[in-house]
Amino acid sequence: MQTPPPDDQGLSLEDLSQAYAQLIGAGEEPYEEPKAEDELEEPADVDAEQEEEEPPDDACEVTPRSILEAILFVGHPENESLSSKEIASLMRGVRAEEIDELVLELNQYYTEEGAPYQIASIESGYRLVLRSEFSGVREQFYGRVKDAKLSQATIDVLSLVAYGQPLTKEQLEKSRNKPSGGILNQLVRRGLLRLERTEDKPRKKLYYTTDRFLELFGLDSLNDLPRSQDLERL
Numbered sequence: 029m030q031t032p033p034p035d036d037q038g039l040s041l042e043d044l045s046q047a048y049a050q051l052i053g054a055g056e057e058p059y060e061e062p063k064a065e066d067e068l069e070e071p072a073d074v075d076a077e078q079e080e081e082e083p084p085d086d087a088c089e090v091t092p093r094s095i096l097e098a099i100l101f102v103g104h105p106e107n108e109s110l111s112s113k114e115i116a117s118l119m120r121g122v123r124a125e126e127i128d129e130l131v132l133e134l135n136q137y138y139t140e141e142g143a144p145y146q147i148a149s150i151e152s153g154y155r156l157v158l159r160s161e162f163s164g165v166r167e168q169f170y171g172r173v174k175d176a177k178l179s180q181a182t183i184d185v186l187s188l189v190a191y192g193q194p195l196t197k198e199q200l201e202k203s204r205n206k207p208s209g210g211i212l213n214q215l216v217r218r219g220l221l222r223l224e225r226t227e228d229k230p231r232k233k234l235y236y237t238t239d240r241f242l243e244l245f246g247l248d249s250l251n252d253l254p255r256s257q258d259l260e261r262l
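Structure, rendered in structure tokens:
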């Protein structure tokens, strides 16, 4: 017959409480007695006060104009201008003709607000650009753009596109009798050339010069390109 275990249940809850009080040497309960209901303090209505102090939500309203501005701010992944038709296709219920009107509204708003940027019409599309009068600020921030020397092959490609645009890569390579894909890609990345795709043949790429090309060579328009009679005078 097994010996019964010692009676551990002889201590009452009151005995355990007194033993605990003696251990901490205070002889008092470690926690304060809860206050009576009539002594409880009413919590301040912090949430209500915060709601009153919070400023109104200034989130931009989603409208066709704000969407257009966002699209142009992000820009084209291949550094191309965006046509009205391309922009309208990204919106619901907006026609290409309305994009032109929205561009005029945005440019008027930028002028009234003194914004340092504007929407420029480049060839058959739009692009968000810095106003020329703020170019000095950009140079102070980024530093002056270092002059880049163009190779003779690059100059040849630029000249052929400038005088014969739009040109496909195949037409260009036929004129040069040399592969030109690498140079074309480099000039597009530098913003000196842009490419467009035709609607009937989306895979067909046409190359054009850009406004940056005109700026780099000190031209106001393509009409200022030297012609044969000008070259004869040199």
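Reminder that position 142 of the sequence shown reads as 170 in the working numbering, one-by-one numbering, no gaps.
For glycine and all other residues, C-beta sits at the position ideal for the given N, C-alpha and C.
Going by CA-CA distance only, name the one from the options that's closest to residue i.
i, options, result
"residue 182", "190, 158, 215", "215"
"residue 120", "96, 177, 158, 213", "96"
"residue 156", "123, 109, 197", "109"
"residue 226", "196, 250, 237, 208", "196"
"residue 104", "94, 118, 92, 91", "118"
"residue 223", "235, 217, 213, 229", "235"
"residue 6", "193, 198, 204, 158", "The chain is shown only over 29 to 262; residue 6 falls outside these bounds and no answer can be derived."
"residue 213", "99, 107, 102", "107"
Measure the alpha-carbon distance for residue i versus residue j and round it to whole angstroms.
i, j, result
"residue 135", "residue 242", "23 Å"
"residue 221", "residue 244", "12 Å"
"residue 200", "residue 114", "27 Å"
"residue 191", "residue 178", "18 Å"
"residue 132", "residue 138", "10 Å"
"residue 149", "residue 92", "19 Å"
Taking the DSSP output, what are the residues bridged to residue i?
i, result
"residue 148", "155"
"residue 233", "225"
"residue 118", "Per DSSP, none; premise fails for residue 118."
"residue 110", "154"
"residue 195", "235"
Quick check on the burial criterion: 16 or more other C-beta atoms within 10 angstroms. Buried or exposed for residue i?
i, result
"residue 252", "exposed"
"residue 248", "exposed"
For the stretch 139-146 and the stretch 155-164, state whether three or more C-beta atom pairs, one from each stretch, are separated by less than 8 Å. yes
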